[in-house]
Amino acid sequence: MSTAVAEGKTWSGGNEPLKASYGKMMMWFFIVSDALTFSGFLAAYGFSRFKFISEWPIADEVFTHVPFLHGQELPMIYVAFMTFILIMSSVTMVLAVDAGHHLNKAKVTLYMFLTIIGGLIFVGSQAWEWATFIKGDYGAVQTKGGNILQFVDTDGHRVALRDFVVAGHTDRAAHERKNGLWFVDEAPLPPFTVEEVVKGLESHENVLVRTQLLNEHGEKTVLSREESLKQIKENGKLVVEGANLHVNEYGSPLFADFFFFITGFHGFHVFSGVVINIIIFFNVVLGTYERRKSYEMVEKVGLYWHFVDLVWVFVFTFFYLV
Amino acid sequence: MAHEHKLEIFRGLVKFKSNTQKIWGVLIFLSIVTAIEVVLGIYKPEWSMAQVLGMKLLNWIFIILTIVKAYYITWDFMHMRDETKGLRRAVVWTTIFLILYLIFILLQEGGYVFKVYDEGFIKRDF
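Okay, here's the thing in structure tokens:
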């Protein structure tokens with residue numbers, strides 16, 4: 488073969504040096520760009536955390552709830568369950584892909600169905616996790632400088648505001664659209680005022696204030712009785728329960744912002760993954776790929792689904808473990 | 004290509020008879036790793052609190068275990084093991100390089116900002 492002929496063969500197209508179809512390759516490169524998006528978010532989280540390294544909330548104290556087990560402190564158990572669900576649905580997905588290689592329609596259908604169920608359980612769990620986080624549990628007082636003061640007893644156990652503060656009568660009504668200016672409203676009023684918290688603190692000798700600052704053992708600093716009263720009286724500004732984009736009873740509001748943004752973005756990926764899986768599921772049932780004699784479409788959505796699992800592995804580490 | 008799978012993990016230490024079997028094998032491995040992470044995270048043993056390269060040893064263990072998990076998800080669930088070298092490198096090397104760069108820049112800067120706050124807004128006093 489002369490050089491001219493060889494060149495003609497090389498450059499005239501039709502070669503597949505990567506031995507992957509166009510669709511699959513593009514799915515890979517989409518995943519690369521999406522991975523970079525997520526790592527941008529996680530690296531930004533890392534930046535903020537390093538910036539406030541001495542006062543960042545401790546995840547073990549934030550995510551301690553498990554559905555149906557009220558009042559028990561079980562850090563990480565539920566997230567570990569969510570992780571397992573997602574890995575499990577990844578497994579059923581890869582089994583569906585494998586069954587597709589054998590052109591086994593019945594098995595592909597079953598495994599795709601199980602994958603969708605796994606995805607739905609995960610999204611539901613995440614919604615529950617959000618709801619719990621937004622509702623909060625112990626409540627705290629925000630200072631003028633935006634820091635959070637929490638309450639503990641002398642043994643270091645957390646004390647909820649409702650356990651030592653008595654709500655007085657107040658005439659201050661929440662400003663809603665229907666009773667004030669129609670184009671403005673405000674967030675629900677906190678159940679207590681700072682003055683009531685001060686009174687509650689004065690009458691409960693065993694309650695102390697805990698600041699955001701971490702000591703050398705990596706635990707939050709607990710103030711002395713006098714310091715506690717002084718801090719609340721001088722700096723207390725707002726009673727905070729739960730978390731939203733502005734305030735966060737667990738500590739830095741940035742923690743809540745990143746939590747909502749990153750797990751929200753991931754949850755959105757899971758949701759769209761479920762939708763795409765459902766579409767492909769119906770295509771499988773209708774026999775589209777059976778007629779095509781190729782289940783490569785299942786493989787492509789499979790790649791996306793595994794990627795969602797992959798991202799969760801990192802979110803799990805950086806939000807809940809580290 | 005699509006129908007042939009490399010059926011060994013841990014550099015040939017564990018070999019599987021079929022692709023399905025390999026999938027279950029990898030699932031068991033990933034579950035064990037996750038269980039180790041959760042147990043370490045709950046009990047936080049004393050020895051793991053030592054500082055290594057500016058971070059707790061425990062955190063390094065978590066990060067390494069996460070990368071191990073990511074490797075097996077990509078290589079066996081996403082079948083990266085069976086793709087050509089060219090595709091594998093185009094995807095993996097590009098991503099890893101850019102992520103390492105990003106993390107380095109942002110964490111370095113975050114640490115700097117912390118120090119500025121911590122030392123009374125003076126970083127360098129001439």
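Residue numbers (my numbering), protein chains in the order written: chain C, 488 to 809; chain G, 4 to 129.
Note that beta-carbon positions come from the ideal geometry of N, C-alpha and C, so glycine has one too.
Please tell me whether residue i has its Cβ less than 8 Å away from any Cβ of chain G.
i: C:Phe752; result: no
i: C:Ile767; result: no
i: C:Pro504; result: yes
i: C:Lys538; result: yes
i: C:His656; result: no
i: C:Phe670; result: no
i: C:Val772; result: no
i: C:Ser535; result: yes
i: C:Gly527; result: yes
i: C:Asp458; result: As shown, chain C starts at 488 and ends at 809. That puts residue 458 of chain C outside it, with no answer to give.
i: C:Ala531; result: yes
i: C:Phe801; result: yes
i: C:Thr524; result: no
i: C:Leu808; result: yes
i: C:Val519; result: yes
i: C:His691; result: no
i: C:Ala507; result: yes
What are the boundary residues of the alpha helix (DSSP H) that residue i is part of?
i: C:Thr570; result: Ile564 to His588
i: G:Arg92; result: Lys88 to Asp121
i: C:Val646; result: Counting along the chain, C:Val646 falls outside any alpha helix (DSSP H), and DSSP gives it neither H nor E.
i: G:Val42; result: Asn22 to Tyr46
i: C:Thr524; result: Tyr509 to Lys538
i: C:Tyr598; result: Lys592 to Lys622
i: C:Leu505; result: Counting along the chain, C:Leu505 falls outside any alpha helix (DSSP H), and DSSP gives it neither H nor E.
i: C:Gly751; result: Gly751 to Leu773
i: C:Leu797; result: Glu783 to Val802
i: C:Ile545; result: Where C:Ile545 is concerned, there is no enclosing alpha helix (DSSP H), given that its DSSP letter is neither H nor E.
i: G:Lys72; result: Leu60 to Tyr75
i: C:Val685; result: Val681 to Ser690
Using the beta-carbon count (16 or more within 10 Å), is residue i buried or exposed?
i: C:Asp585; result: buried
i: G:Leu16; result: exposed
i: G:Tyr104; result: exposed
i: C:Ile518; result: buried
i: G:Val42; result: exposed
i: C:Gln559; result: exposed
i: C:Leu732; result: exposed
i: C:Ala583; result: buried
i: G:Gln111; result: exposed
i: C:Glu616; result: buried
i: C:Glu736; result: buried
i: C:Ser576; result: buried
i: C:Tyr807; result: buried
i: C:His753; result: buried
i: G:Lys47; result: exposed
i: C:His644; result: exposed
i: G:Asp121; result: exposed
Could you give the residue range of the beta strand (DSSP E) that holds residue i?
i: C:Gln629; result: Ala627 to Thr630
i: C:Phe893; result: Absent from the model: residue 893 of chain C. The displayed extent of chain C is 488 to 809, so no value can be given.
i: C:Val696; result: Val694 to Leu701
i: C:Gly723; result: Gly723 to Val727
i: C:Thr708; result: Lys707 to Val709
Given that residue i touches chain A, what residues does it touch there, using C-beta distances under 8 Å?
i: C:Met512; result: Absent from the structure: chain A. Protein chains present are C and G.
Among the options, which one has its Cα closest to the Cα of residue i?
i: C:Lys720; options: C:Glu682, C:Leu601 and C:Arg536; result: C:Glu682
i: C:Asp796; options: C:His756, C:Ser781 and C:Val809; result: C:His756
i: G:Gly44; options: C:Ile564, C:Thr524 and C:Trp515; result: C:Ile564
i: C:Phe718; options: C:Met513, C:Glu560 and C:Asn634; result: Sequence inspection shows Gln at residue 718 of chain C; the Phe mentioned does not correspond to that position. Of C:Met513, C:Glu560 and C:Asn634, the residue nearest in Cα terms is C:Asn634.
i: C:Asp642; options: C:Asp672, C:Gly626 and C:Leu710; result: C:Leu710
i: C:Gly606; options: C:Val809, C:His793 and C:Thr804; result: C:His793
i: C:Val581; options: C:Ile572, C:Ser535, C:Phe516 and C:Glu786; result: C:Glu786
i: C:Lys506; options: G:Ile70, G:Phe13, G:Gly89 and G:Val95; result: G:Gly89
i: G:Ile102; options: G:Asp121, G:Leu60, G:Glu86 and G:Ile70; result: G:Ile70
i: C:Phe555; options: C:Val772, C:Gly774, C:Gly687 and C:Ser612; result: C:Ser612
i: C:Phe638; options: C:Lys724, C:Val696, C:Phe516 and C:Ile621; result: C:Val696
i: C:Val734; options: C:Lys631, C:Val610 and C:Glu783; result: C:Lys631
i: C:His557; options: C:Asp521, C:Thr619 and C:Phe537; result: C:Thr619
Could one say the Cβ of residue i lies closer than 8 Å to chain C's Cβ atoms, at least one of them?
i: G:Val17; result: no
i: G:Met4; result: Any answer about G:Met4 is weak, because its pLDDT of 41 lies below 50 and its placement is not dependable; what the coordinates show is given next. For G:Met4, the answer is yes, since a Cβ of chain C falls inside 8 Å of its Cβ.
i: G:Leu33; result: yes
i: G:Leu30; result: yes
i: G:Glu40; result: yes
i: G:Ile26; result: yes
i: G:Ile45; result: yes
Would you say the beta carbon of residue i is closer than 7 Å to some non-hydrogen atom of the ligand ZN?
i: G:Val119; result: Absent from the structure shown: the ligand ZN. Ligands present: none.
- Query: Of all the residues that make up the segment 60-89 of chain G, which are near chain C by a beta-carbon distance shorter than 7 Å?
  - Reply: Among the residues of the segment 60-89 of chain G, those with a Cβ less than 7 Å away from any Cβ of chain C are Asn62, Phe65, Ile66, Thr69, Lys72, Ala73, Ile76, Thr77, Phe80, Met81, Glu86, Thr87 and Gly89, in the order of the chain.
- Query: Which residues, taken in chain order from the segment 580-592 of chain C, show a beta carbon closer than 7 Å to some beta carbon of chain G?
  - Reply: The segment 580-592 of chain C vs chain G, Cβ under 7 Å: Val581, Leu582, Asp585 and His588.
- Query: Quick one, which residues of the segment 551-578 of chain C are near chain G if we go by CB-CB under 7 Å, in chain order?
  - Reply: If you check each beta-carbon in the segment 551-578 of chain C against every beta-carbon of chain G, the ones closer than 7 Å belong to Pro562, Met563, Ala567, Thr570, Phe571, Ile574, Ser577 and Val578.
- Contact set between the segment 95-126 of chain G and chain C, restricted to residues whose Cβ is under 7 Å from the partner: So the list reads Thr97, Thr98, Leu101, Ile102, Leu105, Ile106, Leu109, Leu110, Glu112, Gly113, Gly114, Val116 and Phe117, given in the order they occur along the chain.
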